[in-house]
Amino acid sequence: MAYLELQNINKRFKDEIVFDDVSLKINKGEFFVVFGPSGSGKTVLLRLLSGIMAQDSGQILMDGQSIDSLDPNERDISMAFQNFALYPHMDAFENISSPLIAQKKNESEIKQRVHEVAELLKIDHVLSHKPKELSNGQKQRTSLARSLVVRPSVVLLDDPLRNVDAKIRYEMRLELPKVLKKFNTTVLYVTQDYKEAMALGERVGVLANTKFTDVAHPTQVYKKPSNVTSAKLFGDPTINILIAQNSSAGTSSKITASRIEINVNYPELSGHNNCYLGIRPEDIFVSNQGQEGSIKVELRAKTPLNLRTVYLLRLEEGVEILASVSEEESMLLDDNKDFYIKVDEKNVNYFDSEQRLIV
Amino acid sequence: MAKLTINNLNKIFDVKLGDNVHAVKDFNLVLEHGEILALLGSSGCGKTTTLRMVAGFETPTSGEIKCNDTDLIALPPAKRNVAMAFEGYALYPPLTVKDNISFGLMREKLSNAEIEKKVAEISDLLEINDILHRYPSTVSGGQAQRVSLARALVRTSDILLLDEPMSQLEPQLRAVLRARVKDYIQHNKKTTVFVTHDQIEAIALADKIAVMEGGELQQLASPFDIRTKPQNVFVASFIGEPPMNMLNAEYSFEDSKIHFHIKNEKNDPAFKISYDKNNIDQSKIANLSNNQKLVVGIRPQKINFNTSSSNHDAKIQLTSNHWLGDQIHLGFELNGVNIIGVADRNFEVQEGLNVNFTSGSINLFDLNSEKVIFNGF
């Protein structure tokens, strides 16, 4: 059952539409990730939920009750910020306990609750430290502890791992879901890093162009994005989008995009004479030998990543494609020889002329 | 032809009387004609100060900077024949995007036709041909950075200097623009130095990477060697994503076996990685002494996951399993030690997983000096 619910939310700033009739249901205890590029309205969404900004129309429900008339401090929702927002003159203990003091809890309860949350987040040994004595990772944990110490029903996390280094980011990706499960909290986590969205989200909502374009399990969004915009937000390098022509005969379709030719049996494709192909770089096989169905291409540049190597290949004048291969495979490729590619047809996405997914 | 040589370069800033900051310490470099160098490090490591000394915006405290046989330090910035893209873009607000790009070319006294051709080529490459008539104040941050990059790339110069050239690019464009810019620089044989804090960008673009920290050059090597042969703990932890697993350990040699006793956070024994002495090249252990305290570094992609019940180092229980499209990140815990591994995207995660730390896959560092003892043990 939906625990946190947005119903037909509209919000605009002067001429700019931020949300156009947005609805969303989040389940109790769910770890939900809101993912979108900068400027897509992620921060506005958090402000509406926390109550520091109001929507133009539509309502926000918690456990079936509208919370629109509640002030921010009356909502059972707390928030942790990207830039930590710790009080510099207070030590970690005082920072974490500050919301409990505002709630006028007694001293022994405050002590017990702070220690409980600090232990879970592994900062119990630095509670007497001031923020400037804490590492970035510890600051992030302190900020998180402060938002969890009030045991909120819903916690909003605004890109909390953006300003920490890679080691801490990976540690937290492992730990965060476990810690939050212990609090039985419903989590709404905002990020602009697709890897983080896929790693953390039980479901991901893709926010782009005033709407949630996809709301689904991360694998589903990656493999079957509902449109080209969503598709392009995932992957490094991102998906190749090629303009294609389709000539169907009965149920079989012949799709041509530049020099790529694909024959498939998708009845859904019939009638879509002009379409787009979405091909992920890892679904292109690269080889020095030509084989049946492969196409000769020109190698423009090779840029190694950490785990894979990216090849910029030219299909024809003005049409380039990016392919990514594993480190082992790239060592077998000789840059001075001819290059051939072959597309893994079963993973290709087909979009219509309006860039919506067909199949 | 432009070969850049830097000898014993130092920069000391006088912050207050008697309170100095040694921003760049004894920096040495030889960059051959057409090579691309990345100055890589986190903020405050001295990378930008080094770049600014080459450009002529900072005067070195001591040392030498030469282009071929010309002493650059004696020349003012305008006479050095370098083209630079600045981190803050530094576009001319009253000029259109197109005029910003062609401004430097007019000073080179190229014909109008040549200028048109060059501007068209570079704006195709960087996908800014639809904003050529706009003014800098009306374009986005990512677009402004592409304009600034275009302006530096089109110039005819001995040396190309780029300060964080791709930090603000739209994520969807980053991979393709990196590849095109690399192709352009290689094709035009431009000797290039660029500053970045992003190790992925450094590895993707550079022929050589200079990793800096605290004003000191930590390692200067090819991207491949930086990844596979890190010379100290800093370089090993800075390069790679997910980062290298860095485990505290102690070495022992007993019963013709080589053991690395891995410790957990509380410094208690957690597990050990062992090799048969007969299977290990003796030169590998020549520099190790019994009970020596080490840091064992293991790249996530070097951890071998398998389901076979024999021939493995440890049985594991996964603590996380993140499918990311082109790779899978697998987290597990061995007696209090958290480790992250990477599997191929087609790997099927099952119950009863085992891991191998195969010979050749680990890097050994001395715990005290933090210097490398052996890469690829």
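Just so you know, the protein sequences line up as chains A and B, in that order. Quick note on numbering: the first sequence equals residues 81 to 439 in the numbering used here. Quick note on numbering: the second sequence equals residues 61 to 437 in the numbering used here. Every residue, glycine too, gets a C-beta built ideally from N, C-alpha and C.
| query | result |
| --- | --- |
| Closer than 8 Å at the beta carbon, the chain B residues around A:R380 | A239, R240 and D243 |
| Buried or exposed by the 16-neighbour rule on C-beta atoms within 10 Å, applied to B:Y152 | exposed |
| Proximity below 8 Å, CB of B:L354 to CB of B:A374 | no |
| Given B:Q259 as reference, the closest of A:L412, A:I106 and A:L387 once Cα atoms are compared | A:L387 |
| B:R211 and B:A115 closer than 8 Å at C-beta | no |
| Buried/exposed call for A:T265, threshold 16 Cβ in 10 Å | buried |
| Neighbour-count burial assignment, A:Y167, 16 or more Cβ in a 10 Å radius | exposed |
| A:L402 and B:A235 closer than 8 Å at C-beta | yes |
| Neighbour-count burial assignment, B:M226, 16 or more Cβ in a 10 Å radius | buried |
| Cβ pair B:Q203, B:I191 closer than 8 Å | yes |
| 6 Å Cβ shell around A:R221 - same chain, five flanking residues per side excluded | L201 and I203 |
| Interface flag, A:M252 vs chain B, CB-CB below 8 Å | no |
| Runs of alpha helix (DSSP H) lying entirely within the segment 269–337 of chain A, each at least 4 residues, in chain order | 274–280, 298–303 and 308–312 |
| Short Cβ contact (8 Å threshold) for A:L413 with A:E400 | no |
| Cutoff 8 Å: A:V197 Cβ touching any chain B Cβ | no |
| Proximity test, Cβ basis, 8 Å: B:L378 and chain A | no |
| Chain B within 8 Å of A:L387, Cβ atoms only | yes |
| Partner residues on chain B for A:D316, Cβ-Cβ distance less than 7 Å | A235 |
| A:Y80, enclosing beta strand (DSSP E) - first and last residue | Beyond the ends of chain A as shown, which are 81 and 439, falls residue 80 of chain A; an answer cannot be given. |
| Assumed close pair A:K247, B:P303 - CB separation to whole angstroms, cut-off 8 Å | 5 Å |
| Beta strand (DSSP E) runs contained entirely in the segment 196–283 of chain A, provided each spans 3 or more residues | 234–238 and 266–271 |
| Assigned exposure category for B:P438 - 16 Cβ within 10 Å defines buried | Residue 438 of chain B lies beyond the residue range present for chain B, which begins at 61 and ends at 437; the question has no answer from this structure. |
| Buried or exposed by the 16-neighbour rule on C-beta atoms within 10 Å, applied to B:R240 | buried |
| Chain-ordered neighbours of A:E362 on chain B, where CB pairs are closer than 9 Å | G385, D386, Q387 and R405 |
| Exposed unless 16 or more other CB atoms sit within 10 angstroms - verdict on B:S349 | exposed |
| Three-state class that DSSP yields for B:E314 in the structure shown | strand |
| Which of helix, strand or coil DSSP assigns to B:I188 | coil |
| Three-way DSSP call (helix, strand, coil) for B:K344 in this model | helix |
| A:P240 at chain B interface by Cβ criterion, 8 Å | no |
| B:N414, DSSP secondary structure in three states | strand |
| CB-CB length for A:L260 against B:G391, believed under 8 Å | With a Cβ gap of about 16 Å, A:L260 and B:G391 do not count as contacting. |
| Assumed close pair B:F87, B:V81 - CB separation to whole angstroms, cut-off 8 Å | Wrong, their Cβ atoms sit about 15 Å apart, outside the cutoff. |
| Any 3 or more C-beta pairs closer than 8 Å across the segment 268–288 of chain A and the segment 227–244 of chain A | yes |
| For A:V229 and A:R193, believed in contact at Cβ under 8 Å, the rounded distance | 5 Å |
| For A:S177, the three-state DSSP class (helix, strand or coil) | helix |
| Three CB pairs or more closer than 8 Å across the segment 134–144 of chain A and the segment 205–213 of chain A | no |
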